[in-house]
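Read in order, the letters of the sequence shown are residues 44 to 276 in the numbering used here.
Beneath this line is the structure, given in structure tokens, with notes to follow.
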Amino acid sequence: MDSISGRLFRADKPWQLYLAVSMGCFLLAVLLSQGELQRQRENLAERLAPHVLRFHILADSDRKEDQQVKLEIRSLILDYLKRHLPEHAGKADTIACLDENRLEIEQLADRYLEERGFDYHANLQLTNCYFPTRSYGKLTFPCGRYDAARITLGKGDGHNWWCVLYPQFCFLDTACTDIPQESTQMLRQELAKGDYLALEDNRPDIKIRFFLLPRFDTAGPPAASEDGGMPNG
44 MDSISGRLFR ADKPWQLYLA VSMGCFLLAV LLSQGELQRQ RENLAERLAP
94 HVLRFHILAD SDRKEDQQVK LEIRSLILDY LKRHLPEHAG KADTIACLDE
144 NRLEIEQLAD RYLEERGFDY HANLQLTNCY FPTRSYGKLT FPCGRYDAAR
194 ITLGKGDGHN WWCVLYPQFC FLDTACTDIP QESTQMLRQE LAKGDYLALE
244 DNRPDIKIRF FLLPRFDTAG PPAASEDGGM PNG
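In structure tokens form, the structure reads like this:
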């Protein structure tokens, strides 16, 4: 009996080896394809970035009142820009408006914070920073580095909020999913046809989980924070 069991076990070993090698090759192929997809996204972001200005607000903390005033400051500043930006303003015009009115915008936010009883201040920076993949209506902006107007409230340790200042993809109504046609048209005109079509390719990432490896996930970059923001840092 022991001899028969030994022969059966030896006969099975090639299949076990074949299965292990096959799984290894499959996992390697998945990882390579995910890496290639990530590289393509980053390359697309590099081509997209010169045509885009993003908006980023960091709350002082995750306290309910700090998160609420973050959204109120957001609305205050977007309304200010709507009134002060020239008609059909481009990216350079938007940056110039922010730069020239930086002090006034900070003072506007500070007065509002003081009226609401908050003892911290707002700081506006024009910077370049990393954003994860984010969808606006039918367009998906890939992860990568973009020029941005960043408002930091107090310590800036709380969940944050972002949108796109140019073209205008900022929604005060979070239920709104339709991008203004004028904004999409501006982007379509500025980008190569293939790049614009790539933004419209809004298919979700494929996630693969294996019953033998329940903790393995090929989802890609770290998840964004719950309110649509990105981790601080």
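Note that beta-carbon positions come from the ideal geometry of N, C-alpha and C, so glycine has one too.
(message) Using the three-state DSSP reduction, which class does D190 fall into: helix, strand or coil?
(response) strand
(request) Given a cut-off of 7 Å, decide if L182 and L101 are closer than it, judged by their beta-carbon atoms. (result) no
(request) Count the other C-beta atoms from every protein chain shown that fall within 10 angstroms of the C-beta of K113, then say buried if there are 16 or more, exposed otherwise. (result) buried
(request) Would you list, in sequence order, the uninterrupted alpha helix (DSSP H) runs of no fewer than 4 residues that lie entirely inside the segment 122-148? (result) 134-143
(message) For D190, which residues in the same chain have their Cβ closer than 6 Å to its Cβ, ignoring the five residues on either side in sequence?
(response) L96, N171
(request) Taking 8 Å as the threshold, find out whether the segment 184-203 comes into contact with the segment 153-168 through three or more Cβ pairs. (result) yes
(message) Using a Cβ-Cβ cutoff of less than 7 Å, which residues in the same chain neighbour N245 once the five nearest sequence positions on both sides are dropped?
(response) Interpretation of N245 is limited by its pLDDT of 49, a score under 50 that renders its predicted location unreliable; no figure is taken from the coordinates.
(message) With the cut-off set at 7 Å, would you say G187 and A88 are in Cβ contact?
(response) yes
(request) Give the single residue among I138, A235, R154 whose Cα lies nearest to the Cα of V207. (result) I138
(request) Ignore the nearest five residues each way along the sequence and tell me which others in S226's own chain have a CB closer than 7 Å to its CB. (result) P210, Q211, F212
(message) Could you compute how far the alpha carbon of S104 sits from the alpha carbon of W204?
(response) 13 Å
(message) Taking 6 Å as the limit between beta carbons, can you name the residues of its chain near Y173, skipping five residues before and five after?
(response) R188
(request) Please name the residue, chosen from R231, P175, E149, that lies closest to L169 on a Cα-to-Cα basis. (result) E149
(request) State the DSSP-derived secondary structure class of S226, mapped to helix, strand or coil. (result) helix
(request) With a 10 Å radius around its C-beta and 16 neighbouring C-beta atoms as the bar for buried, classify H340 as buried or exposed. (result) The requested residue 340 is not part of the displayed model; the chain covers only 44 to 276.
(request) Please state if the CB of C140 and the CB of H127 are separated by a distance shorter than 7 Å. (result) yes
(message) Tell me the rounded alpha-carbon separation between D120 and P185.
(response) Sequence inspection shows Ile at residue 120; the Asp mentioned does not correspond to that position. C-alpha separation (whole angstroms): 25 Å.
(message) What does the Cβ neighbour count give for D109, buried or exposed, with the cut at 16 atoms within 10 Å?
(response) buried
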